[in-house]
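To start, the structure itself, in structure tokens.
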Amino acid sequence: MFLNIAFQNLWRNKRRTLFTELAIVFGVVVVIFTGAFLKGMFRFWAQDVFISATTGAFQIEHQKYRAESTLDPLGTTLTNGAELIASVERMPGVQAAYGELRIVGIVSNGSRSDVFDGRGVDRDGQGRVLPGSDDLIRAGRSLRDDPNEVVLGQLLADKLGVAVGDQVAIVVRTLQGGIDLMYGKVVGVKSGSHFPSATYLEMNLSRAQKFLRMPNRVSQILVKTREFDRSVEYAETAAAKLKDAGQPVIVRNYTELIPMYVTVGSVFKLIATTISLILFVIIGLGIANAMFVAIRERRKEIGTLLAIGMEPFQTRRLFLLEGVLIGLLGAVIGLVLAVGLAHAISAHGGLRFDGPDSAIITVLPRIDWSITGLALGLSFVISIVASWFPAAASAKLNPVEALTEA
Amino acid sequence: MSIRIASVTKQYQLGMTTVNALRGISLKIEQGEFVALVGPSGSGKSTALHILGALDRPTSGEVWIQETPVTQMSDKQLARLRREHIGFIFQSFHLIPVLSVYGNVEFPLLLMKTPKQERRERVMATLECVGLADRAQHKTEELSGGQRQRVAIARALVTRPSIILSDEPTANLDSQNGKGIIDLMQKLNEEQRVTLVFATHDASIVSRAKRIVHILDGAIVEEVPASVLQG
């Protein structure tokens, strides 16, 4: 009964209902789409800057590596690299995996020397797991099969004063404690945001293993997953399987690998939440205003309802219902529009912006269901709160005054 | 159902002025009576009608409906009393515009939580009674003034109230429609012993009432059986 009357009352004043609905729909779309945009941007930042360029979706390393790698980088490596990588590649959700061996030492151009903290990488595997790693090349090219090729971080190359084509001498301490020397040819220079270009040096994994006298050893296994959104789940599965197999390893997913991932995510969420709250306060005031006007216009009607026996709480319920109907309708329409908009933009290649170093930032809006839930919940709560005072005012009307006023 | 009021006063504020709408009136109306409250505009007859129907509270004095004091009742209790025992008919009809003829008449039964089948039967029987059964699904705005007042009467009757209170029910109607409404009300009074109390200027209503109560400046100045006037 009340639902029907509430709906009819909204329909009766189409223009006011339309504008109130538009305000709510606009608010819900802005909140949900902003959430989707921020999530898309966050994903782009995480994927483009880190996951596809340097970290992978998750990494496997020796359980003591984090704690002891500074003092004992070679002793905290995984000894059965190839077999372990092969078994990881057979795990659920894993698309590709490859190994890297940490290598530290001194690099020199003959006149200037500096310490480096670099990597021996399996180039084929790196291409599969970190397709964005080549985007970090600022000069020259990536490594090929020649075992004497090296790629330097931009700042390290600048400090040494070397460029592509130059030769450098590399000195390392081997696993057995000896010193070894090799000459490498600089074929490329890398840099990027959050990239350690002041110390980075890269060579082929097999050369690094031979150089350090560490055959088949890797410091980390980097993994690419089939579905990015399930990476954490796949990482947990891999960790469980490796633990069952008695491997002395830990698995760290991208949320742990990316510096400030949680903080940055929280900042994005805080922005979306703040926008939500501000918008919904404005929307709530709009609903309250519309409801007060409706009650002002319908005083005689309320008086009639009270005269024929409607109880005050029932008139309150009627106006609350009208407010909630407006809120829910706006929330549903807004949700459909926002989700449709996000999907349409994603389907057409996303939003593109100019980034640093001529890079293009492509944001594919992704619906953030926590922000969406917040928007829907807020539109419901705000519509109740905003209708509450007008509804309470309707319940306090004196029926005679309402009926007899001009 | 009888109504009794004793020493009822009603004051209200009009801007800075205190208006004494009723100045201590006492009146008893028995079950099945047809009473006309008459007097010039502003005399207090509508205010008296509202207090008789438990729609308004007196400033002082007592009101009994079926010998139950109502002045101390809560708003909820008063609403229930009106819903179950009293029907109101207003000069301006006061129909709910978003509801159909059927919906308007059905509404009080919905408030009483009457079962659906019974609601349907009672609504259609009442609309039949006021001659609007064929207009049940019409919007009220599609009806003439006389038809709208019949809907209002049907809405007041559908709960089978003991008392119907009516404030100038024919004021917005032409004479022919007005006569039809009075005929209908009189028939209800005679056949169903519904107590009728009208606040009116309409001489045709006054001529049919069984008792006439003259109110002037908030006080009852004369109370006479119609037979005296007609005689």
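Taken in sequence, the protein lines are chains A and B. Residue numbers for the first sequence, in the numbering used here: 8 to 413. Residue numbers for the second sequence, in the numbering used here: 672 to 902. Idealized CB from N, CA, C, for every residue including glycine. In this text the structure is predicted, and so the values were computed from the model without any measurement.
Supposed close pair L167/A, V114/A - CB separation, criterion 8 Å:
7 Å
Are the CB atoms of E755/B and V679/B within a distance shorter than 9 Å?
no
Have a look at V794/B, E812/B and R879/B and flag the residue whose alpha-carbon is nearest the alpha-carbon of I852/B.
R879/B
Run down chain B in chain order and give the residues with a C-beta less than 7 Å from the C-beta of M8/A.
L781
What are the start and end residues of the alpha helix (DSSP H) that includes Q743/B?
Element bounds for Q743/B: n/a, residue is neither H nor E.
Whole-number beta carbon distance between I289/A and G42/A, since they are thought to touch under 8 Å:
18 Å between Cβ atoms; not a contact.
Using a threshold of 9 Å, state whether the C-beta atoms of V256/A and L91/A are closer than that.
yes
Hey, out of G185/A, G88/A and R373/A, whose CA is closest to R50/A's CA?
R373/A
Grouping DSSP H, G and I as helix and E and B as strand, with all else coil, what is V171/A?
coil
Considering R109/A, what are the terminal residues of the beta strand (DSSP E) in which it resides?
V101 to S115
Can you pull the DSSP bridge partners for P904/B?
Missing from the structure shown is residue 904/B; chain B here goes from 672 to 902 and no further.
Reference K192/A; option with closest CA among L286/A, D173/A, P203/A and V36/A
D173/A
Give a yes or no on contact between the stretch 781 to 797 of chain B and the stretch 809 to 821 of chain B, applying the rule of three or more CB pairs nearer than 8 Å.
no
H885/B versus K681/B, S714/B and R793/B, residue with shortest Cα-Cα distance
S714/B
Contact defined as beta carbons within less than 8 Å: I believe Q702/B pairs with S875/B. What is the distance between those atoms, to the nearest angstrom?
About 24 Å separates the two Cβ atoms, so there is no contact after all.
Which residues in chain A sit within 9 Å of V776/B, going by Cβ to Cβ distance?
Result: empty, since nearest Cβ-Cβ is about 11 Å, beyond 9 Å.
Three-state secondary structure assigned by DSSP to S815/B
coil
What beta strand (DSSP E) runs, 3 residues minimum, are completely inside the stretch 169 to 215 of chain A?
174 to 180, 186 to 197 and 208 to 211
Using a Cβ-Cβ cut-off of less than 7 Å, list which residues of the stretch 16 to 39 of chain A approach chain B; keep chain order.
N16 and R19
Mind listing which residues of the stretch 328 to 347 of chain A have their C-beta closer than 7 Å to chain B's C-betas, in chain order?
none
Bridge-paired residues (DSSP) for T830/B:
None; T830/B has no bridge partner.
Closer than 7 Å by C-beta to L336/A: which residues in its own chain qualify, once you throw out the five before and the five after it? Chain order, please.
E28
If you run the structure through DSSP and keep just helix, strand and coil, what is V700/B?
Per the sequence presented here, residue 700/B reads as Ile, with Val not at that position. In the structure shown, I700/B sits in a strand (DSSP, three-state: E or B).
Return no unless some Cβ of chain B is closer than 9 Å to the Cβ of V407/A.
yes
Quick check on DSSP: helix, strand or coil for E799/B?
helix
DSSP three-state label for D141/A, please.
helix
Opposing strand residues paired with L693/B [DSSP bridges]:
K681/B
So which residues of chain A does V769/B contact, with C-beta pairs closer than 7 Å?
I12, Q15, N16 and R19
Which ranges would you report for the beta strand (DSSP E) in the stretch 231 to 266 of chain A if only whole runs of at least 3 residues count?
256 to 260
DSSP beta-bridge partners for K810/B?
S771/B
Compare the C-alpha of I367/A against each of D55/A, E408/A and N260/A and name the closest.
D55/A
Residues in the same chain with beta-carbon distance under 7 Å from L425/A, minus the five sequence neighbours each way, listed in chain order, please.
Because chain A is modelled from 8 through 413, residue 425/A falls outside the range shown and cannot be assessed.
Counting only Cβ-Cβ distances shorter than 8 Å, please list the residues of the stretch 300 to 329 of chain A near chain B, keeping chain order.
K307, E308, G310, T311, L312, L313, A314, I315, G316, M317, E318, P319, F320 and Q321
Can you find a CB in chain B that lies within less than 9 Å of the CB of L371/A?
no
Could you tell me the boundaries of the alpha helix (DSSP H) in which T311/A lies?
R306 to A314
Do you know offhand how far D152/A's Cα is from G117/A's?
25 Å
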